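Numbering (full-length UniProt numbering), first residue to last: 1 to 70.
Okay, structure first, notes after.
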Amino acid sequence: MTTPPYLRVVRGNPDDVELAALTAVVAALASAGGSTETRSRPSAWADRSRLVRNALPHGPGAWRSSALPH
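This is how it looks when you write it as structure tokens:
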């Protein structure tokens, strides 16, 4: 029984140099290990996304809703 290939070209005709470059990149990424930890969100006090302005209302009567709380 043979093992399935690690890489498979699905489109195009790469030459030996392109395949070698692809193999080197995949091997480097695999050996780096990568970070498996997930980033936690900052606390509500430190979250700067709350400072981003909300989208402005648009359309007829938008001037009325511009003063209403969101």
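Each residue gets a CB set at the ideal place from its N, CA and C atoms; glycine is no exception.
Just so you know, these numbers come straight off a predicted model, no measurement behind them.
Same chain only: Cβ atoms within 6 Å of residue i, ignoring 5 sequence neighbours per side
i	result
Thr3	none
Glu18	none
Euclidean distance between Cα positions of residue i and residue j
i	j	result
Ala44	Tyr6	44 Å
Leu22	Pro60	54 Å
Ala46	Val25	37 Å
Val52	Pro42	15 Å
Leu29	Ala62	51 Å
Thr38	Pro57	35 Å
Arg8	Asp15	13 Å
Residue nearest to residue i in terms of C-alpha spacing, selected from the options
i	options	result
Ala55	Ala46, Arg48, Asp47 and Ser65	Ser65
Own chain residues within Cβ distance below 7 Å of residue i, not counting five before or after
i	result
Ser31	none
Task: Length-filtered (3 minimum) beta strand (DSSP E) runs lying within the region 40 to 68 - done: none
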